[in-house]
Amino acid sequence: MLDKIRCIHCGSSNNYKKGYRKTMYRGKIQKYFCKDCKKFFTQDDGFYRMRNKLEIITMSIDMYVSNLSSRKMRNQLKRHFDYKISHVSILDWVRRYTLKVHKFIEKQGYNLGGRFYTDETMVNCEGRKDRFWCCLDWDNRLITGVHYSLAANPVEAQEFLKKAIAKGKPKYIQTDGQNVLSESVQENVLFK
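All residue numbers for the sequence shown refer to the numbering used here, where the first residue is 568 and numbers rise by one.
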(Lines of atoms letter the chains of each structure in order from A and count residues from 1; the text may use other names and numbers.)
(Lines give C-alpha, C1' and ligand atoms only; values in the text may rest on other atoms or scores of the structure.)
Protein backbone atom coordinates (compact mmCIF):
# COMPACT_ATOMS: atom_id res chain seq x y z
CA MET A 1 0.00 0.00 0.00
CA LEU A 2 1.28 3.47 -0.85
CA ASP A 3 2.08 5.88 1.95
CA LYS A 4 -0.30 8.79 2.18
CA ILE A 5 1.21 12.14 1.33
CA ARG A 6 1.37 14.26 4.46
CA CYS A 7 1.25 18.03 4.70
CA ILE A 8 4.64 19.51 5.55
CA HIS A 9 2.96 22.24 7.63
CA CYS A 10 0.54 20.32 9.88
CA GLY A 11 1.25 16.63 9.16
CA SER A 12 -2.29 15.88 8.01
CA SER A 13 -2.98 13.40 5.21
CA ASN A 14 -6.26 15.16 4.36
CA ASN A 15 -5.13 16.76 1.08
CA TYR A 16 -5.59 16.61 -2.67
CA LYS A 17 -3.68 17.43 -5.86
CA LYS A 18 -4.02 21.05 -6.89
CA GLY A 19 -2.03 22.03 -9.97
CA TYR A 20 1.68 22.18 -10.63
CA ARG A 21 4.59 24.36 -9.71
CA LYS A 22 6.75 25.15 -12.72
CA THR A 23 10.47 25.62 -12.37
CA MET A 24 12.97 26.60 -15.00
CA TYR A 25 15.18 23.51 -14.65
CA ARG A 26 13.09 20.82 -12.97
CA GLY A 27 9.90 21.34 -14.98
CA LYS A 28 6.46 20.66 -13.49
CA ILE A 29 6.24 19.60 -9.86
CA GLN A 30 2.94 18.38 -8.40
CA LYS A 31 1.38 20.71 -5.81
CA TYR A 32 -1.00 19.58 -3.07
CA PHE A 33 -3.55 21.52 -1.02
CA CYS A 34 -4.11 20.64 2.63
CA LYS A 35 -7.78 20.78 3.64
CA ASP A 36 -6.95 21.18 7.33
CA CYS A 37 -4.46 24.06 7.36
CA LYS A 38 -5.47 25.48 3.94
CA LYS A 39 -1.88 25.65 2.65
CA PHE A 40 -0.17 24.47 -0.51
CA PHE A 41 2.87 22.19 -0.41
CA THR A 42 4.93 19.89 -2.61
CA GLN A 43 6.14 16.42 -1.72
CA ASP A 44 9.77 16.12 -0.64
CA ASP A 45 11.39 13.68 -3.06
CA GLY A 46 14.87 14.15 -1.61
CA PHE A 47 15.54 17.08 -3.92
CA TYR A 48 13.19 19.53 -2.21
CA ARG A 49 14.00 23.18 -2.99
CA MET A 50 16.74 22.23 -5.44
CA ARG A 51 16.72 24.31 -8.61
CA ASN A 52 18.41 21.78 -10.86
CA LYS A 53 17.23 18.49 -12.31
CA LEU A 54 17.79 15.46 -10.13
CA GLU A 55 19.51 13.70 -13.06
CA ILE A 56 22.15 16.46 -13.23
CA ILE A 57 22.67 16.37 -9.46
CA THR A 58 23.02 12.58 -9.29
CA MET A 59 25.29 12.55 -12.36
CA SER A 60 27.51 15.16 -10.72
CA ILE A 61 27.75 13.15 -7.51
CA ASP A 62 28.59 10.03 -9.53
CA MET A 63 31.34 11.89 -11.40
CA TYR A 64 32.71 13.22 -8.11
CA VAL A 65 32.87 9.70 -6.66
CA SER A 66 34.68 8.67 -9.85
CA ASN A 67 37.46 11.16 -8.95
CA LEU A 68 36.56 14.03 -11.27
CA SER A 69 37.19 17.48 -9.85
CA SER A 70 34.31 19.91 -9.49
CA ARG A 71 35.68 22.13 -12.26
CA LYS A 72 36.04 19.18 -14.63
CA MET A 73 32.46 18.17 -13.83
CA ARG A 74 31.30 21.69 -14.59
CA ASN A 75 33.11 21.52 -17.94
CA GLN A 76 31.59 18.10 -18.74
CA LEU A 77 28.07 19.34 -18.01
CA LYS A 78 28.65 22.42 -20.16
CA ARG A 79 30.18 20.43 -23.02
CA HIS A 80 27.74 17.51 -23.20
CA PHE A 81 24.47 18.98 -21.92
CA ASP A 82 24.98 22.71 -22.53
CA TYR A 83 24.20 23.12 -18.84
CA LYS A 84 25.94 26.00 -17.07
CA ILE A 85 26.48 25.45 -13.37
CA SER A 86 29.01 26.70 -10.83
CA HIS A 87 31.63 24.29 -9.54
CA VAL A 88 30.78 25.49 -6.02
CA SER A 89 27.17 24.36 -6.51
CA ILE A 90 28.45 20.92 -7.46
CA LEU A 91 30.51 20.74 -4.26
CA ASP A 92 27.45 21.83 -2.26
CA TRP A 93 25.43 18.99 -3.81
CA VAL A 94 28.15 16.49 -2.99
CA ARG A 95 28.37 17.64 0.62
CA ARG A 96 24.60 17.65 1.07
CA TYR A 97 23.83 14.28 -0.45
CA THR A 98 26.87 12.34 0.75
CA LEU A 99 25.74 13.03 4.31
CA LYS A 100 22.33 11.56 3.48
CA VAL A 101 23.88 8.57 1.73
CA HIS A 102 26.29 8.03 4.63
CA LYS A 103 23.41 7.81 7.10
CA PHE A 104 21.62 5.35 4.81
CA ILE A 105 24.73 3.16 4.40
CA GLU A 106 25.31 3.13 8.16
CA LYS A 107 21.82 1.67 8.60
CA GLN A 108 22.25 -0.90 5.80
CA GLY A 109 25.68 -2.17 6.79
CA TYR A 110 28.81 -2.60 4.71
CA ASN A 111 29.78 -5.02 1.97
CA LEU A 112 33.54 -4.96 2.49
CA GLY A 113 36.14 -6.82 0.50
CA GLY A 114 38.94 -8.82 2.00
CA ARG A 115 41.83 -6.43 1.33
CA PHE A 116 42.56 -3.40 3.50
CA TYR A 117 45.35 -0.91 2.93
CA THR A 118 46.62 1.17 5.84
CA ASP A 119 48.90 4.16 5.90
CA GLU A 120 49.91 6.87 8.29
CA THR A 121 51.03 10.42 7.64
CA MET A 122 53.06 12.72 9.81
CA VAL A 123 51.30 16.03 10.45
CA ASN A 124 53.40 18.96 11.63
CA CYS A 125 51.15 20.72 14.12
CA GLU A 126 52.61 23.54 16.26
CA GLY A 127 56.05 21.94 16.20
CA ARG A 128 54.75 18.49 17.16
CA LYS A 129 54.91 15.55 14.81
CA ASP A 130 51.39 14.13 15.11
CA ARG A 131 50.15 11.13 13.15
CA PHE A 132 47.05 10.67 11.00
CA TRP A 133 46.22 7.01 10.35
CA CYS A 134 43.83 5.85 7.63
CA CYS A 135 42.57 2.44 6.48
CA LEU A 136 40.97 1.86 3.08
CA ASP A 137 39.06 -1.13 1.74
CA TRP A 138 40.97 -1.74 -1.48
CA ASP A 139 38.08 -3.44 -3.30
CA ASN A 140 35.43 -0.73 -3.04
CA ARG A 141 37.48 2.31 -1.95
CA LEU A 142 35.65 2.73 1.33
CA ILE A 143 37.50 4.29 4.27
CA THR A 144 37.03 1.82 7.10
CA GLY A 145 38.81 3.74 9.84
CA VAL A 146 40.75 6.88 10.69
CA HIS A 147 42.69 7.84 13.78
CA TYR A 148 44.62 10.95 14.84
CA SER A 149 47.31 10.55 17.47
CA LEU A 150 50.07 12.61 19.01
CA ALA A 151 52.68 9.89 18.55
CA ALA A 152 53.43 6.75 16.57
CA ASN A 153 53.61 3.96 19.12
CA PRO A 154 52.17 0.42 19.35
CA VAL A 155 49.31 1.51 21.62
CA GLU A 156 48.09 4.09 19.10
CA ALA A 157 48.56 1.58 16.26
CA GLN A 158 46.42 -0.99 18.11
CA GLU A 159 43.72 1.61 18.74
CA PHE A 160 43.75 2.53 15.04
CA LEU A 161 43.47 -1.12 13.99
CA LYS A 162 40.47 -1.64 16.27
CA LYS A 163 38.72 1.28 14.55
CA ALA A 164 39.77 0.02 11.11
CA ILE A 165 38.27 -3.46 11.50
CA ALA A 166 35.17 -2.39 13.45
CA LYS A 167 33.08 -2.39 10.24
CA GLY A 168 34.35 -5.76 9.04
CA LYS A 169 37.35 -8.06 9.31
CA PRO A 170 39.60 -8.35 6.27
CA LYS A 171 41.49 -11.38 4.98
CA TYR A 172 44.69 -9.37 5.07
CA ILE A 173 45.96 -5.85 5.71
CA GLN A 174 48.68 -4.26 3.62
CA THR A 175 50.90 -1.63 5.21
CA ASP A 176 53.68 0.55 3.88
CA GLY A 177 56.22 -1.26 6.05
CA GLN A 178 56.28 1.28 8.86
CA ASN A 179 57.57 -0.65 11.87
CA VAL A 180 54.95 0.29 14.48
CA LEU A 181 52.01 -0.49 12.22
CA SER A 182 53.48 -3.67 10.70
CA GLU A 183 54.28 -5.12 14.12
CA SER A 184 50.81 -4.24 15.40
CA VAL A 185 49.17 -5.98 12.46
CA GLN A 186 51.28 -9.11 12.98
CA GLU A 187 50.70 -9.20 16.74
CA ASN A 188 47.03 -8.30 16.59
CA VAL A 189 44.86 -11.17 17.74
CA LEU A 190 41.70 -9.46 16.47
CA PHE A 191 42.06 -11.19 13.10
CA LYS A 192 42.22 -14.70 14.54
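Don't be surprised by glycine CBs; every beta carbon is placed ideally from N, CA and C.
{"Asked": "Alpha carbon to alpha carbon, what distance is there between Q725 and L621?", "Found": "43 Å"}
{"Asked": "What would DSSP say about F699, mapped onto helix, strand or coil?", "Found": "strand"}
{"Asked": "If you follow the beta strand (DSSP E) that F607 is part of, which residue opens it and which one closes it?", "Found": "607–609"}
{"Asked": "Where are the beta strand (DSSP E) runs, 3 residues long or more, that stay fully inside the region 705–729, in chain order?", "Found": "709–716"}
{"Asked": "Out of R682, W660, K696, F699, state which residue places its alpha-carbon closest to the alpha-carbon of Y631.", "Found": "W660"}
{"Asked": "Touch check for the region 664–673 and the region 695–702: three-plus C-beta pairs under 8 Å?", "Found": "no"}
{"Asked": "From S637 to Y677, what does the alpha carbon distance come to, in whole angstroms?", "Found": "27 Å"}
{"Asked": "Count the other CB atoms within 10 Å of the CB of L717; is the residue buried (16 or more) or exposed (fewer)?", "Found": "exposed"}
{"Asked": "Can you name the residues that DSSP bridges to T688?", "Found": "F699"}
{"Asked": "Taking 6 Å as the limit between beta carbons, can you name the residues of its chain near T688, skipping five residues before and five after?", "Found": "F699"}
{"Asked": "From the DSSP output, in three-state form, read off F600 for me.", "Found": "strand"}
{"Asked": "Whose CA, out of D686, G680, K734, G735, lies closest to the CA of R708?", "Found": "G680"}
{"Asked": "Can you have a look at C574 and say buried or exposed, based on whether 16 or more other CB atoms are within 10 angstroms of its CB?", "Found": "buried"}
{"Asked": "Three or more beta-carbon pairs under 8 Å between the region 596–614 and the region 640–650, yes or no?", "Found": "no"}
{"Asked": "Please return the same chain residues whose Cβ sits closer than 7 Å to the Cβ of Y650, not counting the five positions on each side in sequence.", "Found": "I623, L644"}
{"Asked": "Helix, strand or coil for N642, going by three-state DSSP, please let me know.", "Found": "helix"}
{"Asked": "Taking one C-beta from the region 599–611 and one from the region 574–584 each time, how about it: are there three or more such pairs within less than 8 Å?", "Found": "yes"}
{"Asked": "Looking at the strands, I want to know which residues DSSP matches up with G594.", "Found": "T590"}
{"Asked": "Which two residues bound the contiguous alpha helix (DSSP H) that contains Y631?", "Found": "621–632"}
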